[in-house]
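Some notes on the structure that comes next.
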């Protein structure tokens, strides 16, 4: 790719500054953990660390198996077979992606808990007393795994379906010609070819699992995410929170390395190079009915039932969305999401354009560091930013008191801007991926033509790149906006005093067992989350 003259120093230094901000939380967590003494480590190791490791590990295994089974199975059915309603299902299967897992937890607790409609109906019909029967406990590690599987399987579904669409039908038909049944040919031919994409989807689901706080905290499952929050707030143990965050950070970065390696090994073939289109398998009779049931169950349990449960809760809750209090929650959420989306998109444009105009180790390293945030849980980022900036605020306040007898207080730590920067670090990878996906459509000859006309890098970006990239930029903006609306752990830890959002309000009410009240802000979050999902569904439909 030809370079657009010499990239201005402002662009270079800004891009490198963004990379430093993204790296700062990880460095701060490591330093705080290693300098915090060993007393906390010894106490954690003898008390709860083993439980954190076991619960987090078991949750990862269950979510991996669940998302793989549902995502791959649904992707194969809607891509390689034809049955009634297949066009509806290929879009509807993406809808649960709009739901935060903790919102599903609130809805299913209302339905399946002891005073819920299911157990109440069973007791009424069978004449059972409270101790006369056994019913699965929804507030458990297994229940948390089910909630996470229902909202995270679309990651695997989307990537697996894209891989199946790119596969040539020749290999599958060859296996069929050699006597293999359709399902055997799928297992031996199609599934191995799609393995890199499937593995990438499962790893994304796993990284979201270890980052989850709302679901496991509400169900009382002790994981690293809940341990960080408890150490920071309940025990005021900054060293313990940092050491737990370092453990979780190490695991998250290991997953990020595996995902990057898996993505680098993936092979994608151009379907225009003489490949035959895969002939769909027409399903009839009981097979068509089974396919409809298998594709309908994830949508039913991942979207329809939770929405019905939340609406039934919210109708009689007495929560008024137009009250000044709720308008403040909505305003705070929209403010944070808007600022974070704009800042994150600007950072993605700067990093992406820097890598395009100055390809090399420095720009590549900056882009790679910026992508690490998607693998780092929000609680880890919160701790990593609060530790250094709180130290800076305290040092500045002490110096101002000693020199001018003036207290500056918490200038940075107590502001929303540090929270906005945490959002940027967390979701920059999503915006950068959308930007680079659109940037691939800008041919290098356009840059060369701009250079020949005497235009500099910024003029090229403003007059050529940005107009072409408008759809991709809007997609990135919307994705980050909705992700910030759903983000809970970083918001709980870093929000300014008395600055609550819809996610915080929903979590607080649910923690107080006021599920009827928690349903209202949860429904607003889901409604906003449907926007990018609808956009994704439209792209799937065009495909």
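Residue numbers (the numbering used here): 942 to 1484. Where is the CB? At the ideal position from N, CA and C, for every residue including glycine.
- Query: CB-CB under 6 Å to residue 1282, same chain, minus the five flanking residues each way: which ones, in chain order?
  - Reply: Counting only Cβ-Cβ distances below 6 Å, and skipping sequence neighbours, we find 1418, 1421, 1422.
- Considering only residues of the same chain and omitting the five flanking positions on each side of residue 1342, which have a CB-CB separation below 7 Å? 1348
- Would DSSP call residue 1225 helix, strand or coil? coil
- Message: Ignoring anything shorter than 4 residues, give me the alpha helix (DSSP H) runs that lie fully in the stretch 1424 to 1476, in order along the chain.
- Response: 1430 to 1435, 1443 to 1452
- Under a three-way DSSP split, which group does residue 1404 fall into? Correct three-state label for residue 1404: helix.
- Bounding residues of the alpha helix (DSSP H) (the contiguous stretch that carries residue 1173): Looking at the DSSP string, residue 1173 is not in any alpha helix (DSSP H), and its letter there is neither H nor E.
- Message: Quick test of your reading: residue 1318 and residue 1166, contact by CB under 8 Å. State the CB separation rounded to the nearest angstrom.
- Response: 6 Å
- Task: For the alpha helix (DSSP H) containing residue 1150, list its first residue and its last residue.
- Result: 1136 to 1152
- Express the C-alpha separation of residue 1306 and residue 945 in angstroms, rounding to a whole number. Here the model assigns residue 945 a pLDDT of 45, short of 50, so the residue's position is not dependable, and the following value carries that caveat. Looking at the two C-alpha atoms, the distance is approximately 20 Å.
- Considering residue 1320, what are the terminal residues of the alpha helix (DSSP H) in which it resides? 1319 to 1345
- Message: Are the CB atoms of residue 1042 and residue 1164 within a distance shorter than 7 Å?
- Response: no
- Give the single residue among 1294, 1412, 1194, 1270 whose Cα lies nearest to the Cα of residue 1321. 1194
- Buried or exposed: where does residue 1335 fall if 16 or more other Cβ atoms within 10 Å of its Cβ makes it buried? exposed
- Item | C-beta atoms of residue 1441 and residue 1174 nearer than 7 Å | No. Outside cutoff.
- Out of curiosity, what's the CA-to-CA distance linking residue 1366 and residue 1016? 32 Å
- Just the C-alpha distance for residue 1500 and residue 1468, rounded to the nearest angstrom, thanks. Here the chain comprises residues numbered 942 to 1484, so residue 1500 is not present and cannot be evaluated.
- Task: Go ahead and label residue 1228 buried or exposed: buried means 16 or more other beta carbons lie within 10 angstroms of its beta carbon, across all protein chains shown.
- Result: exposed
- Burial state of residue 1325 (16 or more Cβ within 10 Å): buried
- Item | Beta-carbon gap between residue 1247 and residue 1048 smaller than 7 Å | yes
- Smallest Cα separation from residue 1018: which of 1221, 1006, 1064? 1221
- Measure how close the beta-carbons of residue 958 and residue 1258 come, nearest whole angstrom, since I'm counting them as under 8 Å. Their Cβ separation, rounded to whole angstroms, is 46 Å, which puts residue 958 and residue 1258 out of contact at 8 Å.
- Own chain partners of residue 1368 with C-beta closer than 6 Å, once the 5 adjacent residues on each side are dropped: 1285, 1421, 1424
- Message: Contact defined as beta carbons within less than 8 Å: I believe residue 1144 pairs with residue 1082. What is the distance between those atoms, to the nearest angstrom?
- Response: Rounded, the Cβ-Cβ distance is 21 Å, inconsistent with contact.
- Task: With residue 1300 as the anchor, note down where its alpha helix (DSSP H) starts and where it stops.
- Result: Premise fails: residue 1300 is in no alpha helix (DSSP H) and is neither H nor E.
- Message: Just to confirm, is the Cβ distance from residue 1470 to residue 1039 under 7 Å?
- Response: Yes; because the gap between Cβ atoms is below 7 Å, this pair is in contact.
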